[in-house]
Amino acid sequence: MAAPRQHLASPMDSGQLSFAALLAGALSRWRLAATVATGTIVLALGLTFIIPPSYRATATFVTTDASVELPRGLSDLADQAGLSNVASQLGLSGSRDPSQSPVFYNQLLQSRELLTRLVLSQFPDPRSDVPGDSATLVELYRIHDSDPARGVELAVKRLKRKLNISADPKTNLVTVRVDARWGDLAAGIATREPRGGGARRAARGR
Numbered sequence: 025m026a027a028p029r030q031h032l033a034s035p036m037d038s039g040q041l042s043f044a045a046l047l048a049g050a051l052s053r054w055r056l057a058a059t060v061a062t063g064t065i066v067l068a069l070g071l072t073f074i075i076p077p078s079y080r081a082t083a084t085f086v087t088t089d090a091s092v093e094l095p096r097g098l099s100d101l102a103d104q105a106g107l108s109n110v111a112s113q114l115g116l117s118g119s120r121d122p123s124q125s126p127v128f129y130n131q132l133l134q135s136r137e138l139l140t141r142l143v144l145s146q147f148p149d150p151r152s153d154v155p156g157d158s159a160t161l162v163e164l165y166r167i168h169d170s171d172p173a174r175g176v177e178l179a180v181k182r183l184k185r186k187l188n189i190s191a192d193p194k195t196n197l198v199t200v201r202v203d204a205r206w207g208d209l210a211a212g213i214a215t216r217e218p219r220g221g222g223a224r225r226a227a228r229g230r
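Quick note: the sequence shown uses this note's numbering, first residue 25, plus one each step.
Spelled out as structure tokens, the structure:
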């Protein structure tokens, strides 16, 4: 009786196997990358409709004197021989009107009294197409509270988060930056700082 014939398949070329595996892996990664990219684009487009735009306005003004008033004890020390020049180089002076100090404006612009006045001030209403329409920041921030005082408090807190003030005693420059949903509103808030002697202002929005 004849023995059955056995047919042995030739082994697959390792080069072909490696190329096919690499190609399959690359296609799989490409599909994953395309899916992630598409999802990111869709998410970004969705956020543009959910998150309102934000604009920043910057206002700068300069006081007439770059010095900063010191407490009486330090003032006497700064006026002593040999130290007065150093204090002057640092923008510090013993005798001066504190209302001309950049630090004074820095503190004033962040005071509760001024912020309360700001949130209760009338600004051109960017939501209205009627010229001359105005609204307070409480209204523009869409704060609805049965207690008016509570509404003002909430508006002040929100304005503080949107407000950034810096003062440089050496250059006597005070910079006010405000973020708002509308560019005109941001510029309107930023340019309503108190006017000191010799102050000059410039505002820009983005």
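All residues carry an ideal CB built from backbone N, CA and C; glycine is no exception.
So, with DSSP's three-state summary, where would you put residue i?
i	result
Ile189	strand
Thr82	strand
Arg228	Low local confidence applies: a pLDDT of 43 at Arg228 is under 50, so the model's placement there is unreliable, with the coordinate-based value given in what follows. Residue state, collapsed to three classes: strand.
Arg201	strand
Ile213	helix
Trp54	helix
Thr62	helix
Lys181	helix
Asp153	coil
Thr87	coil
Thr140	helix
Leu114	With a pLDDT of only 46 at Leu114, under 50, the local geometry of the prediction cannot be trusted, and no value is derived from it.
Going by DSSP, which residues form a beta bridge with residue i?
i	result
Ala173	Ala173 is not bridged to any residue.
Ser158	Pro148
For the alpha helix (DSSP H) that contains residue i, what are its first and last residues?
i	result
Gln131	Pro126 to Leu133
How would you call residue i, buried or exposed, if buried means at least 16 neighbouring beta carbons within 10 angstroms?
i	result
Pro126	buried
Ile65	exposed
Gly212	buried
Ala173	exposed
Trp206	buried
Thr87	buried
Val200	buried
Val162	buried
Ala58	exposed
Ala204	buried
Val154	exposed
Ala282	With the chain covering only 25 through 230, there is no way to say anything about residue 282.
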